[in-house]
Amino acid sequence: MTLCATRVRLTDHAADQPTPPPAMGGIGLKTRHKALLLETRPPVAFVEIHAENYMGAGGPPHRWLSAIREHYPVSVHGVGLSLGGATPLDEDHLDALALVVERTRPALVSEHLAWSQSDGVHMNDLLPIPYTPDTLAHVAARIDRVQDRLCRRILIENPSAYIRYADSPIPEPEFLAELVRRTGCGILLDVNNLFVCASNIGTDPLAYLDALPAEAVGEYHLAGHHHRIFPDGTEIRIDDHGSRVAPPVWALYRAAVARIGARPTLIEWDTDVPPLDVLCDEAWRADSEAADALAARKPGEAADAPRS
Numbered sequence: 163m164t165l166c167a168t169r170v171r172l173t174d175h176a177a178d179q180p181t182p183p184p185a186m187g188g189i190g191l192k193t194r195h196k197a198l199l200l201e202t203r204p205p206v207a208f209v210e211i212h213a214e215n216y217m218g219a220g221g222p223p224h225r226w227l228s229a230i231r232e233h234y235p236v237s238v239h240g241v242g243l244s245l246g247g248a249t250p251l252d253e254d255h256l257d258a259l260a261l262v263v264e265r266t267r268p269a270l271v272s273e274h275l276a277w278s279q280s281d282g283v284h285m286n287d288l289l290p291i292p293y294t295p296d297t298l299a300h301v302a303a304r305i306d307r308v309q310d311r312l313c314r315r316i317l318i319e320n321p322s323a324y325i326r327y328a329d330s331p332i333p334e335p336e337f338l339a340e341l342v343r344r345t346g347c348g349i350l351l352d353v354n355n356l357f358v359c360a361s362n363i364g365t366d367p368l369a370y371l372d373a374l375p376a377e378a379v380g381e382y383h384l385a386g387h388h389h390r391i392f393p394d395g396t397e398i399r400i401d402d403h404g405s406r407v408a409p410p411v412w413a414l415y416r417a418a419v420a421r422i423g424a425r426p427t428l429i430e431w432d433t434d435v436p437p438l439d440v441l442c443d444e445a446w447r448a449d450s451e452a453a454d455a456l457a458a459r460k461p462g463e464a465a466d467a468p469r470s
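Now the structure itself:
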């Protein structure tokens with residue numbers, strides 16, 4: 163195991179961080195699209211991979227990725243660190259993630275503010291955590307450990323949620339802001355997750371945006387979700403990444419860009435994956451929506467620039 167000589171801090175080590183992708187739309191890299199992506203090279207800003215799909219020793223996935231990296235910046239998105247978990251951080255998984263980052267030299271690295279495993283049992287979901295002072299200290303220490311191991315800053319993604327914890331006194335955006343202050347991490351703002359939470363548990367998404375440290379937001383995620391209405395009239399929105407971005411999520415994205423500014427924006431589509439041109443169309447729409455949001459600002463109004 164190798165360790166970074168100094169702790170990654172947003173303010174002290176900005177020069178050590180890679181250049182982020184352009185503040186435009188990118189797409190998730192899917193196996194069915196790899197050959198066509200290389201053949202046609204559509205003008206998207208970057209591609210994202212899930213780290214866990216590239217933790218093998220080699221083979222076709224790595225050969226494809228090496229070829230694609232010659233044409234597109236890459237973002238590495240982890241789903242298995244369980245940063246909010248109560249059991250010790252899985253050092254073997256962290257070492258495997260570090261190897262993916264070393265091989266890929268990605269423009270962005272991100273993980274979730276969630277837990278997904280306990281005592282070696284891995285869940286098939288990213289589960290939310292209670293926002294308490296103890297949890298804050300616990301997650302901050304784990305982020306410090308990850309950034310030390312990777313020798314770089316990571317972005318932390320806000321989760322989707324379907325219930326509230328009874329004991330969760332710190333509002334989520336304040337929790338994220340304090341993680342940024344303590345660790346120097348950045349924020350991956352998943353706009354679809356924010357909308358799903360607002361719909362399911364009654365939070366105010368615009369107040370959430372206003373409470374975030376705008377300069378710490380390094381990336382947006384956009385995705386489709388499933389809207390289910392039950393016979394009794396109750397409803398739920400499920401973050402399934404299986405369709406185009408919904409109109410109210412586009413509206414919330416415009417509000418985010420107006421407040422925070424344009425950032426690299428990833429279109430997530432992980433179930434019922436469509437043809438490549440549909441994914442690219444969503445990425446290009448993100449470019450258009452962001453441009454409209456910036457153009458609609460009042461004269462002299464400027465969002466905070468991201469910290470690299």
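Numbers given in my numbering equal positions in the sequence shown, counted from 1, plus 162.
Virtual Cβ for every residue (Gly too), placed ideally from N, Cα, C.
Residue range of the alpha helix (DSSP H) that residue i falls in?
i: arginine 416; result: 409-422
i: histidine 224; result: 222-231
i: glutamate 340; result: 334-345
i: threonine 427; result: First-last for threonine 427: 427-430, but that is the beta strand (DSSP E), not the alpha helix (DSSP H).
i: glutamate 201; result: 196-202
Do residue i and residue j have their CB atoms nearer than 8 Å?
i: histidine 388; j: tryptophan 431; result: no
i: proline 183; j: leucine 270; result: yes
i: isoleucine 479; j: tyrosine 324; result: Here the chain has residues from 163 to 470 only, and residue 479 is not among them.
i: glycine 190; j: valine 206; result: no
i: leucine 275; j: glycine 246; result: yes
i: serine 272; j: leucine 374; result: no
i: histidine 233; j: leucine 438; result: no
i: isoleucine 292; j: aspartate 329; result: Sequence inspection shows proline at residue 292; the isoleucine mentioned does not correspond to that position. Yes, the Cβ-Cβ distance between proline 292 and aspartate 329 is below 8 Å.
i: alanine 420; j: alanine 453; result: no
i: leucine 414; j: isoleucine 429; result: no
i: leucine 243; j: leucine 227; result: no
i: proline 426; j: glutamate 381; result: yes
i: arginine 304; j: alanine 260; result: no
i: proline 505; j: asparagine 215; result: As displayed, the chain neither begins before 163 nor continues past 470, which places residue 505 out of reach and without an answer.
Can you give me the start and stop residues for the beta strand (DSSP E) that residue i sits inside?
i: arginine 459; result: Neither: arginine 459 is in no beta strand (DSSP E) and is coded neither H nor E.
i: histidine 255; result: Histidine 255 -> not in any beta strand (DSSP E); alpha helix (DSSP H) instead, spanning 253-266.
i: isoleucine 316; result: Neither: isoleucine 316 is in no beta strand (DSSP E) and is coded neither H nor E.
i: threonine 294; result: From DSSP, threonine 294 is part of no beta strand (DSSP E); its letter is neither H nor E.
i: valine 271; result: 270-274
i: valine 236; result: 236-239
i: alanine 209; result: Note on residue identity: the sequence assigns valine, not alanine, to residue 209. 209-212 is the extent of the beta strand (DSSP E) around valine 209.
i: isoleucine 325; result: Premise fails: isoleucine 325 is in no beta strand (DSSP E) and is neither H nor E.
i: glycine 187; result: 187-190
How would you call residue i, buried or exposed, if buried means at least 16 neighbouring beta carbons within 10 angstroms?
i: aspartate 352; result: buried
i: aspartate 254; result: exposed
i: aspartate 401; result: buried
i: serine 237; result: buried
i: glycine 346; result: buried
i: aspartate 174; result: With a pLDDT of 46 at aspartate 174, under the threshold of 50, the modelled position of that residue is not reliable, and no figure is offered here.
i: glycine 348; result: buried
i: tyrosine 327; result: exposed
i: alanine 201; result: The sequence shown places glutamate at residue 201, rather than the alanine named in the question. When all chains shown are included, glutamate 201 counts as exposed.
i: threonine 168; result: Unreliable placement is indicated for threonine 168, whose pLDDT of 40 sits below 50; no coordinate value is reported for it.
i: alanine 322; result: A quick correction: the sequence has serine, not alanine, at residue 322. Buried, by the Cβ-count rule.
i: glycine 364; result: exposed
i: proline 367; result: buried
i: glycine 395; result: exposed
i: isoleucine 391; result: exposed
i: glycine 386; result: buried
i: alanine 177; result: Reliability fails at alanine 177, whose pLDDT of 43 lies under 50, so the model's placement of it is uncertain and the value that follows must be treated cautiously. With fewer than 16 Cβ atoms within 10 Å of its Cβ, alanine 177 is classed as exposed.
i: methionine 163; result: Per-residue confidence for methionine 163 stands at a pLDDT of 43, beneath the threshold of 50, marking its modelled position as unreliable; no derived number is given.
i: valine 170; result: In this prediction, valine 170 scores a pLDDT of 46, lower than 50, which makes its location untrustworthy; no coordinate-derived value is stated.
i: glutamate 264; result: exposed
i: serine 450; result: exposed
i: proline 290; result: buried
Just tell me which of the options has its CA closest to the CA of residue i.
i: leucine 456; options: Thr181, Ala185, Pro180; result: Ala185
i: tyrosine 370; options: Thr345, Glu334, Gly380; result: Glu334
i: alanine 424; options: Asp439, Asp394, Arg406, Val379; result: Val379
i: valine 407; options: Arg469, Asn354, Tyr327, Leu251; result: Asn354
i: threonine 297; options: Asp310, Leu288, Arg267, Ile332; result: Ile332
i: threonine 249; options: Ala258, Leu384, His300; result: His300
i: arginine 314; options: Thr266, Asn362, Pro180, His212; result: Pro180
i: aspartate 306; options: Leu341, Phe357, Thr365; result: Leu341
i: histidine 383; options: Val209, Gly395, Pro393; result: Val209
i: valine 262; options: Leu288, Gly220, Pro290, Ala303; result: Gly220
i: alanine 339; options: Phe357, Thr266, Glu377, Ser361; result: Glu377
i: leucine 288; options: Asp434, Lys192, Glu319; result: Glu319
i: proline 235; options: Pro223, Tyr216, Met217, Ile211; result: Ile211
i: tryptophan 412; options: Thr433, Asp466, Phe357, Asp434; result: Phe357
i: tryptophan 497; options: Ala302, Thr193, Pro204, Pro393; result: Coverage of the chain is limited to positions 163 through 470, which leaves residue 497 absent and any answer about it impossible.
Any heavy atom of the ligand PLP closer than 7 Å to the CB of residue i?
i: phenylalanine 208; result: With respect to the ligand PLP, the structure offers nothing, as it holds no ligand at all.
query: Residue ranges of each beta strand (DSSP E) run of no fewer than 3 residues wholly in the segment 349-412, ordered along the chain?
result: DSSP runs (the beta strand (DSSP E)) wholly in the segment 349-412: 379-385, 388-391, 397-400.
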